[in-house]
Amino acid sequence: MGRYVIRRLLQMIPVFFGATLLIFLMVNVMGDPIAGLCGERRCDPATAARLRKEFGLDMPVWQQYATYMGNVFTGDFGTAFNGQKVTELMGEAFPVTIRLTLVAVVFEIIIGIALGVVTGLRRGRPVDSGVLLFTLVVISVPTFVTGLLLQLLLGYKWDIIDPSVSTDARLDELIVPGLVLASVSLAYVTRLTRTSIAENSRADYVRTAKAKGLPRSRVIRKHLLRNSLIPVVTFIGTDVGALMGGAIVTERIFNIHGVGYQLYQGILRQNTQTVVGFVSILVIVFLVANLLVDLLYAVLDPRIRYA
Numbered sequence: 001m002g003r004y005v006i007r008r009l010l011q012m013i014p015v016f017f018g019a020t021l022l023i024f025l026m027v028n029v030m031g032d033p034i035a036g037l038c039g040e041r042r043c044d045p046a047t048a049a050r051l052r053k054e055f056g057l058d059m060p061v062w063q064q065y066a067t068y069m070g071n072v073f074t075g076d077f078g079t080a081f082n083g084q085k086v087t088e089l090m091g092e093a094f095p096v097t098i099r100l101t102l103v104a105v106v107f108e109i110i111i112g113i114a115l116g117v118v119t120g121l122r123r124g125r126p127v128d129s130g131v132l133l134f135t136l137v138v139i140s141v142p143t144f145v146t147g148l149l150l151q152l153l154l155g156y157k158w159d160i161i162d163p164s165v166s167t168d169a170r171l172d173e174l175i176v177p178g179l180v181l182a183s184v185s186l187a188y189v190t191r192l193t194r195t196s197i198a199e200n201s202r203a204d205y206v207r208t209a210k211a212k213g214l215p216r217s218r219v220i221r222k223h224l225l226r227n228s229l230i231p232v233v234t235f236i237g238t239d240v241g242a243l244m245g246g247a248i249v250t251e252r253i254f255n256i257h258g259v260g261y262q263l264y265q266g267i268l269r270q271n272t273q274t275v276v277g278f279v280s281i282l283v284i285v286f287l288v289a290n291l292l293v294d295l296l297y298a299v300l301d302p303r304i305r306y307a
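Residue 97 in UniProt numbering sits at position 97 of the sequence shown; the count goes up by one each step and never skips.
What follows is the structure, encoded as structure tokens:
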């Protein structure tokens, strides 16, 4: 196990550098970031030259990247164009998005797995058909439509929630946004769990457990569910990073100043340091989540061993 973890950690290094380099290059080719700093009018040549030198944009792209990554390893993610440190923006945005993501993941785990187990054990029955139809509708409807609809009904028409989340982003305010963020993933978790449960319920080890006279609840919990959750855990583990990075739409709808909001502002203003800084942290989240998922396999299935 120790060798496997060390090998995976070493594999993360080139992936991290490759992902950050790709994002850095993509942001740099989007346009001239200095053009948006002077308002509607174009910057005069002297001002533009001064700003380029101040933000290090007068250097070649490879040198900008090398300088930036050198600063990152000292904890300096640079300064946004508004003069605020990127680390300060991270300190404000990441706690909010982490809370929102945790709410979304809880919905995925509790509702998604529960519906998947119920439909998997009752495959072909009316409840199975109803849930499949419901999840298909959820997957088909874009997230921004779901978010705006719930905001309109619950926030404006029925006055159950506040239409916009406050700056504190309390946990109770993030329930509806978390449900919107998790809606599509929740539907996939339900369908994935259903398929896995239905397939494994016909496996030999399940029939053997039933033949031994074990209670049905124990067969489902100890034998069927543990083996069926492996693909579900894989999906949820990789989905954590996707939820954090893909929360732009949800955060825009409910006015949540999290990672998605800061990424949107950084892309809009072509602020390289803000975008690359936030994406660098998200890459680390992706890599760590995938490592934890692989290690969790051995917990769910004792037959899995890592050399």
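Every residue gets a Cβ at the ideal spot worked out from N, C-alpha and C, and that includes glycine.
- Partner residues in the beta bridge of K85, as assigned by DSSP, are T79.
- Pairing I139 with V184 gives a Cβ-Cβ distance under 9 Å.
- Taking every protein chain shown into account, the CB of Y261 has 16 or more other CB atoms within 10 angstroms, so this residue is buried.
- Bounds of any alpha helix (DSSP H) do not take in L153, whose DSSP letter is neither H nor E.
- For secondary structure counted as the alpha helix (DSSP H) over 4 or more consecutive residues, the segment 98-166 holds these complete runs in sequence order: 113-121, 126-140, 143-150.
- When DSSP states are grouped into helix, strand and coil, L214 belongs to the coil group.
- DSSP, reduced to helix, strand and coil, places A49 within a helical segment of the structure shown.
- In the three-state scheme derived from DSSP, where H, G and I count as helix and E and B as strand, Q262 is classed as helix.
- Inter-segment contact for the segment 271-287 and the segment 13-30 is present: three or more beta-carbon pairs are separated by less than 8 Å.
- Here the C-alpha atom of G124 lies approximately 25 Å from the C-alpha atom of V233.
- When C-alpha distances from T193 are compared across L154, A289, A114, the shortest belongs to A114.
- Judged by their CB atoms, A182 and F107 are nearer to each other than the 9 Å cut-off.
- Take the alpha-carbon of L171 and the one of L100: they are about 8 Å apart.
- M59 carries a coil assignment under DSSP once its states are collapsed to helix, strand and coil.
- In the three-state reduction of the DSSP assignment, D168 falls in the coil class.
- Scanning its chain for C-beta atoms nearer than 7 Å, with the 5 sequence neighbours on each side dropped, one finds around Y65 the residues L21, F24, in chain order.
- In the three-state reduction of the DSSP assignment, T74 falls in the coil class, being assigned neither a helical nor a strand state.
- With fewer than 16 other Cβ atoms inside 10 Å of its own Cβ, S166 counts as exposed.
- Residue state for R7 is assigned as helix, using DSSP reduced to three classes.
- F278 sits in a helix when the DSSP states are folded into three classes.
- Residue nearest to G120 within the set S201, N28, I230 is S201 (criterion: CA-CA distance).
- When DSSP states are grouped into helix, strand and coil, H223 belongs to the helix group.
- Sequence-distant Cβ neighbours of N290 in its own chain, meaning closer than 7 Å and more than five residues away, are G237, T238.
- Of the candidates Y188, G91, I13, L150, Y188 places its Cα closest to the Cα of L133.
- The Cβ atoms of I248 and L263 sit closer than 9 Å to each other.
- Each of T195, L295, L152 was checked against the Cα of V118, and the nearest Cα belongs to T195.
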